[in-house]
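Colleague: Protein chains in written order, with the working numbering: chain A, 7 to 386; chain B, 7 to 386; chain C, 1064 to 1435; chain D, 1064 to 1435.
One structure follows; several queries about it will come next.
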Amino acid sequence: MKMQKKEIVAMILAGGQGSRLREITDKIAKPAVPFGGKFRIIDFTLSNCSNSEIDTVGILTQYQPLELNSHIGIGSSWDLDRNFGGVKILPPYFDKEGGRFYMGTANAIFENMNFIDAYNPNYVLILSGDHIYKMDYQKMLDTHKEKNADLTISVIEVPWDEASRFGLLSADETDMIYEFQEKPDEPKSNLASMGIYIFSWPVLRACLIEDHYSEDSSSDFGKDIIPKMVEGHHKVYAYRFSGYWRDVGTVESLWESNMDLLGLDNELNLHDKSWRNYSVNPISPPQYISPFGRVEGSIVNEGCVIEGHVIKSVISTDVHVGRNSVVQNTIVMPNTNIEDDVQIDYAIILSDITVKSGTVVKGTRDHIAVYPSEGGENHE
Amino acid sequence: MKMQKKEIVAMILAGGQGSRLREITDKIAKPAVPFGGKFRIIDFTLSNCSNSEIDTVGILTQYQPLELNSHIGIGSSWDLDRNFGGVKILPPYFDKEGGRFYMGTANAIFENMNFIDAYNPNYVLILSGDHIYKMDYQKMLDTHKEKNADLTISVIEVPWDEASRFGLLSADETDMIYEFQEKPDEPKSNLASMGIYIFSWPVLRACLIEDHYSEDSSSDFGKDIIPKMVEGHHKVYAYRFSGYWRDVGTVESLWESNMDLLGLDNELNLHDKSWRNYSVNPISPPQYISPFGRVEGSIVNEGCVIEGHVIKSVISTDVHVGRNSVVQNTIVMPNTNIEDDVQIDYAIILSDITVKSGTVVKGTRDHIAVYPSEGGENHE
Amino acid sequence: MNDVMGIINLSESEEQIKDLTLGRSLGALHIFGRYRIIDFQLSNMVNSGLSNVAIFTYGKSHSIMLHVGSGKHWGLDRKRDGLYIFYPEVNSEDNIRRLGDLENYRNHLDYLQNSTQKYVLLSRSYMLCNIDYKDVVQHHRNSGSDVTIVYKTIEKSYDRFPNCDTLSLDDQNRVIGIGKNLGKEERYNVSMEMYVMKRERLIKIIESAIQRGDARFLKEAIFQRLPELKVSAYRFNGYLSCIQTINNYFETNMELLNTQLCEELFNKHGPIYTKVMDAPSTYYSEDSYVSNSLVANGCIIEGKVENSIIHRDVRIKKGAVVRNSILLPYVTVSEATNLNYVILDKHATITPRKMLFGDQSNPFVIKKNMVL
Amino acid sequence: MNDVMGIINLSESEEQIKDLTLGRSLGALHIFGRYRIIDFQLSNMVNSGLSNVAIFTYGKSHSIMLHVGSGKHWGLDRKRDGLYIFYPEVNSEDNIRRLGDLENYRNHLDYLQNSTQKYVLLSRSYMLCNIDYKDVVQHHRNSGSDVTIVYKTIEKSYDRFPNCDTLSLDDQNRVIGIGKNLGKEERYNVSMEMYVMKRERLIKIIESAIQRGDARFLKEAIFQRLPELKVSAYRFNGYLSCIQTINNYFETNMELLNTQLCEELFNKHGPIYTKVMDAPSTYYSEDSYVSNSLVANGCIIEGKVENSIIHRDVRIKKGAVVRNSILLPYVTVSEATNLNYVILDKHATITPRKMLFGDQSNPFVIKKNMVL
């Protein structure tokens, strides 16, 4: 029996606590947060993998995330239910001394070397689980191979005045990277790292082992591994991406990115049939708009019953909006019942709850209300 | 969307270290130990579940067992690749304080209550991952339902002189259990518990919570939960099983149980097409017996090439036996190459190794040699 | 219920709905925005605990195979049992009409013989309902009958079950005669063409019918043996519709705009599963107006929609008005069109400024792929 | 290789092997102990990175469907692309012979049109080999040809490729003529009936052949367009066998008792996948004697077996002698029988004390389910 192998293995870093998402991540991990009516955030990265024909994916999490586990299942929604390969959730490793947390992003990969080695890959693709974008990783891999690179970093041009929020790269005319600045005060470049890396596995493997035994490292890709590779004699190249790409790390950015979908010509174009964004499909009837219902400039998903007024909002699966209720500029997460006579504006309504008749939830564009919230300041 | 549920969920306790299996369990967890040419020990329990139409199975392990993980895959070998239900490996739970080990068998179930609750089952079937037997759990469940029991324990009659090695049950003429002795010096019964329990889930759930908060409990089914239920006012019944059943906890019992397969009328009858024992099927050609090969009273699996003499042995997948080599009374684990001129008797040869030409491995019926062994005392 | 196997027999009369079954079998026809007709029977069987289900097809079977596939979406992709799709050895519809469906059963008799279940449940795809077969089988077991037929008592409304089989029952609910609904009775018992019997019994009926040559259709063979057998009836009281004519197809879709019926049909004894298509949520533009309509995912709606059923990936452009209509997947309705009582089959395109008005009693059908 | 789609065309001549293809298509015939003939082409395609594979069947397609299913065992159960099985609209073999396979391609032209791959690789099931199509496609791309045909140069051994197509090549390896092997040449280039071309090209060839009505078979249509097209040849040097006659079937099985050939055919460019059957290991009793034989799992062997191929779940009882024979799955050979040069089809049973001797050049075939 010959040893099977995979050309490339993708590792999704999905361990962030997402505390800037406030109550939204109280009960669910950030990658499992609902997005765009029928998706969860991690669906974008997983669909990118599936559409790029990368069929071996590890998801690195910090906790044993029940909701993420049941969302991923055996991976069949993304065509990742494979006997050799497929998608696998990788919680921190247990050894005879008990469990331990990952130290940094690079340490998380180091701890799962066995998982990667089992596929004997040429390349490893490092991804983040909380970005919204569509990207064909095969094209990036083609570039990586053409340039015979050790590391290829996907970059996007950002406005100069926002540049200092990102890891910035300076590249020469061949796209070879000669400098890397992590969130600098004075940016020398507006090419931001998207946190998407293709490494040649033998090179990364050696770097990880070296990093593991160096005492002053925080074992982070952005802070340790990549600067060291750029400074050393490794061939590090930039891969230029243009198109829709958002990090949805805060309540406001999550809200905005959802609202970006409300338009016929939105850049993400989820209606593109040649690049389906996959997710778990609910077992629910079609949406029903009653004679009293009114929907404007909004997206609505299967299983909804709309008897009220929905304006410029994103309504997820199995949501009910009662009569005389007005929902505007709002994201309603799945399986929530909004009773009659409710007023909601600039808000994110969490899943699996009932919003009682008469409730008023009002946020503003700059401070999106999350309902229910612990403080309870947002509703009367 | 209605809440889906399962009538019964099976939980397999597969966390034992298996230290009495010596070098065999150095690198692999006990449930993943090869058995009978093409199986691993846990295949018997998993096949029982599948054949009993129980499609939701949790496997409780102590470590993150790589080989067991890759053996189970997405469960398709046992028809357990389901989106709702299916088979899932459950390593110890991580919380914000880091990981911890399971305290006892009952604690392992307690820690995975969330997993069970997600299926909202009426019954929970507790199994052990290291027994060799065929059993239709549906029949046991039927009895459990008929008697409206809180707990049904599968029992088998054992010889009186071996009884004190087991947990023993005394039952009245209705099979109601009135006494439970855990490995007593003076057995009052020869009905041994097989470590197979069906609990009504609400009852077990309550018992587990109570046990968790009682200070002097070791959180073990045999030592704590069951004696307490028998003494209390719970309806505990015995379900009588007869047929082949072996615990393969030691090298010698593993060896013997393998040898039990060498006969046309062995009780386990793996050739029964109405009760297939499932496993991962290798992608290997058929076995080839060369003109120099000779096989007597043995079982041989796919992918083997036999050029030597095999007598009363169990030869697993992808094993090569070279010319003039004699293998007798021996189990050869998968993917091992026995070169020419090797002599082996009463031994277990581990997987993925080469036994060099000229090697002699000799054990005895009472002390089966394991090769390679750390001490190296068994071979010259 | 693991001692019951299910068979869905697709040899259904498509004469009065043929405009919608040109490239597909009736079971594969789209309905209610996101389903196909066969989804209901498949889901009923799966929800009742059956794990060995066979579909006997008759021509145009590719549409069924593409939809049902390995049975994965119904949890029927199993190693033991699971889903089987059978094709007649001669796959043309005409031959079937001549030879009857018994020929197909005969060709696949070994499947029936090798199955291990004690009982078999026969059904059609076009009898739409949400039924608990556990109860039907329990009734059959208790009755000691040879065959149990499921029926529903209908008051008036001949049109909804034209030419369907009707049962005459004695006061013990035993079937004493089987007839045809010609609309002459105010009240009648319509057979839902669901039969429960022992597997052995079914094999015997098929074998003896072929031996004697006295029937071409299985149903015929059962009916002819009525005197020899104890046949009892099981009364079903839920929602039932027979999708055998264009009008019934239209009315049934429209009926589902009633949310109570919706809840019954989609949920009563378990959910209705279908092949998932990964379409995104539907977008309603600021200019859109949608009222009293069922809309599937993947649509982009910029026009006005009233009392309609909109399937997946439909595009209704600005200024279009769609009323009392059924739009199948991938339909495009262009600007400034006006549709009333129209059924648009898959991939049909209506170009700008068209007006198409059908009638409630005779909806206008636009065939697949047509550009109008 | 994700810009190449594969088609396995099963319209194969079964005239000279028909005793073994009564209830199955040739692609579904058992071979080498645990495989079916079609496994080799499916595995070659999958191992070369193809993920869109279609099987065009012609009658007796149920055997193929039961074996291949959703394509799971070959990793072809995908949401995008994956495995497709096509049936001719009229499913009888006779009609195919009359109408040719072009009709089937025409009926499923939308599949070809809707596929997204740039190239298509056409093949048959009966040309058995372990081939790397990556190399073939690369050769095609580099050559700038319209069509590439794979061939092997054969010395003597006419019998192994009777009536196969032969290629006449110029010194640039361009195909200048296609003929038939009548055994008149010492050395010839046998066409392996594997064609690579652009998908658009294939669609054009099918459309024009149907338009002009000048061909009934796709192969015929390609050959007729030889003057208009640049057709080049790709030379294959590995093991090749064409399973078109009983004798070739027999010889090919026996050839595989050579371990080197075994290694090449089962492993060279990737493993051969097949449907897994969960049979336990084979048991050899103390009285058994097995020599120079390939044995699948699930057998119980108590007799003597020499130079034979034993498929899954075969039982050879005490005192039986099996030499130079092929036993298909579920065969039972009873006590004190003696078999030499025999092919026993599936489920055949040999009762005690029978002697069956065929000849090396004409093995004796015992048909499926026969009890002798």
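Beta carbons are placed, not taken as given, at the ideal position from N, Cα and C, and that holds for glycine.
Keep in mind it's a predicted model, so treat the numbers as computed, not measured.
Are the Cβ atoms of I132(A) and V93(A) separated by less than 8 Å?
Modeller: Contact: no.
Colleague: Report the residues of the stretch 1267–1294 of chain D with a CB closer than 7 Å to any CB of chain B, ordered along the chain.
Modeller: Listed by position along the chain: nothing, the set is empty.
Colleague: Could you work out which residues of chain D lie near I296(B), taking near to mean beta carbons separated by less than 7 Å?
Modeller: The amino acid occupying residue 296(B) in the given sequence is Ser; Ile does not appear at that position. Going along chain D in sequence order, the residues near S296(B) (Cβ under 7 Å) are N1355.
Colleague: So, D1066(C) versus I1335(C), is the Cβ gap smaller than 8 Å?
Modeller: No; because the gap between Cβ atoms is not below 8 Å, this pair is not in contact.
Colleague: Taking only the alpha-carbon atoms, compute the straight-line gap between Y294(A) and S280(A) and give it to the nearest angstrom.
Modeller: The alpha-carbon atoms of Y294(A) and S280(A) are separated by roughly 28 Å.
Colleague: Grab me the residues of V1405(D)'s own chain with a C-beta within less than 7 Å of its C-beta, minus the 5 sequence neighbours each way, in chain order.
Modeller: Excluding positions up to five away in sequence, the list reads S1388, L1419, G1421, P1426, F1427, I1429.
Colleague: For G21(B), does the count of other Cβ atoms within 10 angstroms reach 16, so buried, or fall short, so exposed?
Modeller: G21(B) is buried by the Cβ-count criterion.
Colleague: Could you tell me whether the stretch 339–353 of chain A touches the stretch 367–374 of chain A, where touching means 3 or more Cβ pairs closer than 8 Å?
Modeller: Yes, they touch.
Colleague: With 9 Å as the C-beta to C-beta threshold (strictly closer), list the residues of the stretch 1117–1131 of chain D near chain G in chain order.
Modeller: The question asks about chain G, but that chain is absent: this structure's protein chains are A, B, C and D.
Colleague: Please state whether DSSP places H239(A) in a helix, a strand or coil.
Modeller: If DSSP states are grouped into helix, strand and coil, H239(A) belongs with coil.
Colleague: On the premise that S357(B) lies in contact with P340(B), defined as a C-beta separation below 8 Å, what is that separation, rounded to the nearest angstrom?
Modeller: Right, the Cβ-Cβ distance comes to about 5 Å (below 8 Å), so this counts as a contact.
Colleague: At the level of alpha carbons, what is the spacing between G238(A) and H77(A)?
Modeller: So the alpha carbons of these two residues sit roughly 41 Å apart.
Colleague: Give, in chain order, every unbroken run of the alpha helix (DSSP H) that is at least 4 residues long and sits entirely within the stretch 1220–1281 of chain D.
Modeller: The qualifying runs are 1262–1275.
Colleague: What in chain A is Cβ-close to N264(B), meaning under 7 Å?
Modeller: None at all; the shortest Cβ gap to chain A is about 22 Å.
Colleague: Please confirm whether V1294(C) and L1184(C) have their CB atoms less than 8 Å apart.
Modeller: Not a contact, by the Cβ cut-off of 8 Å.
Colleague: Quick one: which chain A residues come within Cβ less than 8 Å of C1325(C)?
Modeller: Those within 8 Å of C1325(C) in chain A are P291, Y294.
Colleague: Could you confirm whether any beta carbon from chain A is found closer than 8 Å to the beta carbon of N1065(D)?
Modeller: Answer yes: the Cβ-Cβ gap between N1065(D) and chain A drops below 8 Å somewhere.
Colleague: Among the candidates T1395(C), M1064(C), K1417(C), I1239(C), whose CA atom is the shortest distance from the CA of L1407(C)?
Modeller: Among T1395(C), M1064(C), K1417(C), I1239(C), the Cα nearest to that of L1407(C) belongs to T1395(C).
Colleague: Counting only the same chain and skipping the five closest in sequence on each side, list residues whose C-beta sits under 6 Å from that of Y1186(D).
Modeller: Inspection of the sequence shows that residue 1186(D) is occupied by Ser rather than by Tyr. Excluding positions up to five away in sequence, the list reads I1071, Q1104, M1257.
Colleague: Assuming A1359(D) contacts I1373(D) (C-beta within less than 8 Å), just tell me the rounded distance between them.
Modeller: Between I1373(D) and A1359(D) the Cβ distance is about 6 Å, and since that is below 8 Å, they are a contact.
Colleague: Could you check how far apart the C-beta atoms of V320(B) and V327(B) are, in whole angstroms? I think they sit under 8 Å.
Modeller: No, V320(B) and V327(B) are not in contact; Cβ-Cβ is about 12 Å, not under 8 Å.
Colleague: When you compare the CB of N450(B) with every CB in chain A, is at least one pair closer than 8 Å?
Modeller: Any answer about residue 450(B) is impossible in this case: the structure gives chain B only from 7 up to 386.
Colleague: Between S1133(D) and chain C, is there a C-beta pair that is closer than 8 Å?
Modeller: Output row for S1133(D): interface = yes.
Colleague: Determine the DSSP secondary structure at K36(B), reduced to helix, strand or coil.
Modeller: Residue state, collapsed to three classes: helix.
Colleague: Please identify, using Cβ separations under 8 Å, the residues of the stretch 31–44 of chain A that lie next to chain C, in order along the chain.
Modeller: Those would be G42, G43, K44, in chain order.
Colleague: Against chain A, which members of the stretch 1305–1320 of chain C pass a CB distance test of less than 8 Å?
Modeller: So the list reads L1320, given in the order they occur along the chain.
Colleague: Say whether chain C places a C-beta atom closer than 8 Å to the C-beta of N1154(D).
Modeller: Residue confidence for N1154(D) is low, a pLDDT of 47 falling below 50, so the modelled location carries little weight; the figure read from the coordinates is stated next. So yes, N1154(D) belongs to the interface.
Colleague: For K1197(C) and chain B, any beta-carbon pair shorter than 8 Å?
Modeller: Cβ-Cβ to chain B under 8 Å: no for K1197(C).
Colleague: Given that Y1168(C) touches chain D, what residues does it touch there, using C-beta distances under 9 Å?
Modeller: Going along chain D, no residue has its Cβ under 9 Å from Y1168(C), so there is no contact; the nearest lies around 14 Å.
Colleague: For chain C, is any of its Cβ atoms less than 8 Å away from the one on Y1336(D)?
Modeller: No - not a single Cβ of chain C is within 8 Å of the one on Y1336(D).
Colleague: Have a look at the DSSP bridge pairing and note the partners of T1400(C).
Modeller: Paired residues: none, contrary to the question.
Colleague: Would you call the stretch 142–156 of chain A in contact with the stretch 78–88 of chain A, where contact means no fewer than 3 C-beta pairs closer than 8 Å?
Modeller: The stretch 142–156 of chain A vs the stretch 78–88 of chain A: no contact.
Colleague: Report yes if the C-beta distance between R1279(C) and L1165(C) is below 8 Å; otherwise report no.
Modeller: Result yes, Cβ atoms of R1279(C) and L1165(C) sit closer than 8 Å.
Colleague: Under a CB-based cut-off of 8 Å, is D1144(C) close to chain D?
Modeller: Not closer than 8 Å to any Cβ of chain D, the Cβ of D1144(C) fails to qualify, so no.
Colleague: Taking only beta carbons into account, state which residues of the stretch 1392–1420 of chain C come closer than 8 Å to chain D, listed in chain order.
Modeller: Those residues of the stretch 1392–1420 of chain C that come within reach of chain D (Cβ to Cβ, closer than 8 Å) do not exist; the list is empty.
Colleague: Closest Cβ-Cβ distance between D1233(D) and chain C: below 8 Å?
Modeller: Not an interface residue.
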